[in-house]
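Residue numbers (the working numbering), protein chains in the order written: chain A, 1 to 162; chain B, 163 to 324.
Every residue gets a Cβ at the ideal spot worked out from N, C-alpha and C, and that includes glycine.
Report on the structure given below.
Number of protein chains: 2
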Amino acid sequence: MTVTQSEPVTSGTTTAGPRPATVRGCHTRPPHPRPTGRDRYTISEVAEHTGLSAHTLRWYERIGLMPHVDRTHTGQRRFSNRDLDWLDLVAKLRLTGMPVADMVRYAELVRAGEGTFAEREQLLTAHRDDVRQRIAELQGTLDVLDYKIDIYGDARRASERC
Amino acid sequence: MTVTQSEPVTSGTTTAGPRPATVRGCHTRPPHPRPTGRDRYTISEVAEHTGLSAHTLRWYERIGLMPHVDRTHTGQRRFSNRDLDWLDLVAKLRLTGMPVADMVRYAELVRAGEGTFAEREQLLTAHRDDVRQRIAELQGTLDVLDYKIDIYGDARRASERC
DNA sequence: CGCTTGCCTGGAGTGCACTCGAAGTCTCTA
DNA sequence: TAGAGACTTCGAGTGCACTCCAGGCAAGCG
Numbered sequence: 001m002t003v004t005q006s007e008p009v010t011s012g013t014t015t016a017g018p019r020p021a022t023v024r025g026c027h028t029r030p031p032h033p034r035p036t037g038r039d040r041y042t043i044s045e046v047a048e049h050t051g052l053s054a055h056t057l058r059w060y061e062r063i064g065l066m067p068h069v070d071r072t073h074t075g076q077r078r079f080s081n082r083d084l085d086w087l088d089l090v091a092k093l094r095l096t097g098m099p100v101a102d103m104v105r106y107a108e109l110v111r112a113g114e115g116t117f118a119e120r121e122q123l124l125t126a127h128r129d130d131v132r133q134r135i136a137e138l139q140g141t142l143d144v145l146d147y148k149i150d151i152y153g154d155a156r157r158a159s160e161r162c
Numbered sequence: 163m164t165v166t167q168s169e170p171v172t173s174g175t176t177t178a179g180p181r182p183a184t185v186r187g188c189h190t191r192p193p194h195p196r197p198t199g200r201d202r203y204t205i206s207e208v209a210e211h212t213g214l215s216a217h218t219l220r221w222y223e224r225i226g227l228m229p230h231v232d233r234t235h236t237g238q239r240r241f242s243n244r245d246l247d248w249l250d251l252v253a254k255l256r257l258t259g260m261p262v263a264d265m266v267r268y269a270e271l272v273r274a275g276e277g278t279f280a281e282r283e284q285l286l287t288a289h290r291d292d293v294r295q296r297i298a299e300l301q302g303t304l305d306v307l308d309y310k311i312d313i314y315g316d317a318r319r320a321s322e323r324c
């Protein structure tokens, strides 16, 4: 169960036990260390680790932003290292202001399998262009701020002695 | 009337008619060109020029984000070049994600006069630090995006021929 | 004079991204 | 076995930044 997700290879499946190779591996990434050696985390552990609230994690799942999260026999969520990797990516994308709807779209593509590689690449490329432009804008504003701050600094120094 | 605002000098008072020098000029900036040679613009002209809606301009005024905007005898707004300069700054700050509340605070300080230079400088400096950090974050995500896009590109090329 | 256009106000509505509450179930420790 | 605490769902609430609406005034034109 739960091998519905398929990203090219990037998510570094990590630590515990033998896992089926979802895609024939032509790349492999060293797993970056996880808080514990396990592969099943409660929602509060994940909340702790990611800084998101448990509410938000459930909400992510509701809106389709999480690949199927495993459950215990009583219905409680158990997140895997793969899920944590996904959340790391989501956090990065959020940081750049990617709308949740776009991330959901991306998640859908991931769930849909390998046939969607091209579309995923396209989506990410478009977003990368956005980010580049945003950086340029921020740089522009930084210049204005520098200029203004200089002026205030000058005014202060002038009033201090002269 | 309407010389209640005082910024050190940066806002390049522009074009029409002699204006009282609000602060003794130790710097002067070349005025950047305005759509017309006038100094009184209707709300729709300003909307056109700034890309903001008339609604938003009124709302800015309501919440205290605009220095007093002049009115005709019938109560219609007439924006000055100075107002346009201010809106340019606001646009830049908005672009960096400065919360409206902070900009209102800054506007209050400007209205309060020269005694608030230090605090204004502080506010801008703090925001500049924010912006720098945001740029760094965006750069970080850009790296992740580059990496992912590479992977998708590789996968695509591999499936195309091999 | 009526019509259109542009503007005014105050307040309500929108969309996004959470964030929380209520009511009930399950798990763990003493 | 009892109680605390973590978990479940669904739906409602929050904060931000607009965005729009109703109802009305003022000016210009034929």
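Item checked: Assigned exposure category for HIS230/B - 16 Cβ within 10 Å defines buried -> exposed
*Relative to the alpha-carbon of TYR41/A, which residue among ARG156/A, ALA118/A and SER80/A has its alpha-carbon at the smallest distance?*
Nearest in C-alpha terms to TYR41/A, of all of ARG156/A, ALA118/A and SER80/A, is SER80/A.
query = Counting contacts by CB-CB distance shorter than 7 Å, is VAL90/A in contact with chain B?
reply = no
Three-state secondary structure (DSSP) of ARG134/A
helix
Check each residue of the stretch 115-139 of chain A: if its Cβ is closer than 8 Å to any Cβ of chain B, include it; give the result in chain order.
PHE117, ALA118, ARG120, GLU121, LEU124, THR125, HIS127, ARG128, VAL131, ARG132, ARG134, ILE135, GLU137, LEU138 and GLN139
Is ARG82/A buried or exposed, if buried means 16 or more other CB atoms sit within 10 Å of its CB? By the neighbour-count criterion, in which a residue is buried when 16 or more other Cβ atoms sit within 10 angstroms of its Cβ, ARG82/A is buried.
For ILE151/A, does the count of other Cβ atoms within 10 angstroms reach 16, so buried, or fall short, so exposed?
buried
- Provide the residue(s) that pair with PHE79/A in DSSP beta bridges, ordered along the chain. TYR41/A
- Item | Exposed unless 16 or more other CB atoms sit within 10 angstroms - verdict on ASP291/B | Classification of ASP291/B: exposed, given that the 10 Å Cβ count is below 16.
Leaving out the 5 sequence neighbours to the left and right, which residues in its chain are closer than 7 Å to LEU219/B when beta-carbon positions are compared?
ILE205, VAL208 and ALA209
### Message
Out of SER159/A, LEU145/A, ASP39/A and ARG157/A, which one is the CA nearest neighbour of ARG256/B?
### Response
The shortest C-alpha separation from ARG256/B is found at LEU145/A.
- Message: Between the stretch 135-145 of chain A and the stretch 99-115 of chain A, can you find at least three pairs of beta-carbon atoms closer than 8 Å?
- Response: They do not touch, by the three-pair rule.
Checklist entry - Can you list, in chain order, the residues of the stretch 304-317 of chain B whose Cβ is nearer than 8 Å to any Cβ on chain A? => result LEU304, VAL306, LEU307, ASP308, TYR309, LYS310, ILE311, ILE313, TYR314, GLY315, ASP316 and ALA317
- Out of THR116/A, LEU123/A and TRP86/A, which has the shortest C-alpha to C-alpha gap to SER321/B? THR116/A
Practice task
Starting from THR236/A, find everything on chain B with Cβ-Cβ shorter than 9 Å and list it in chain order.
Solution key: Residue 236/A is absent from the structure shown; chain A starts at 1 and stops at 162.
Assumed close pair LEU124/A, LYS310/B - CB separation to whole angstroms, cut-off 8 Å: That belief holds up - the Cβ atoms of LEU124/A and LYS310/B are roughly 6 Å apart, short of 8 Å.
request  = With DSSP collapsed to three states, give me the class of LEU142/A.
outcome  = helix
Could you compute how far the alpha carbon of VAL90/A sits from the alpha carbon of GLY259/B? Straight-line measurement puts the Cα of GLY259/B at about 20 Å from the Cα of VAL90/A.
Should ILE135/A and ILE297/B be called a contact, given that it needs their Cβ atoms to be closer than 7 Å?
yes
What residue range is occupied by the uninterrupted alpha helix (DSSP H) comprising MET265/B? 262-274
TODO: Compute the distance between the beta-carbons of LEU227/B and MET265/B, then report whether it is under 7 Å.
DONE: yes
- What's the gap between the Cα of HIS211/B and the Cα of LEU249/B? 10 Å
**OP:** For ARG156/A, count neighbouring C-beta atoms within 10 Å of its own C-beta (all shown protein chains included) and say buried if the count is 16 or more, exposed if not.
**Re:** Per the 10 Å Cβ criterion, exposed.
When the Cα atoms are used, what is the spatial distance from ARG385/B to TYR222/B? Look at the range of chain B in this structure, 163 to 324, and you will see that residue 385/B is not part of it.
Can you find a CB in chain B that lies within less than 7 Å of the CB of GLN76/A? no
I need the DSSP call for ILE151/A, collapsed to helix, strand or coil. helix
By alpha-carbon positions, which one of ARG282/B, THR236/B, GLY315/B and LYS254/B ends up nearest to GLU119/A?
GLY315/B
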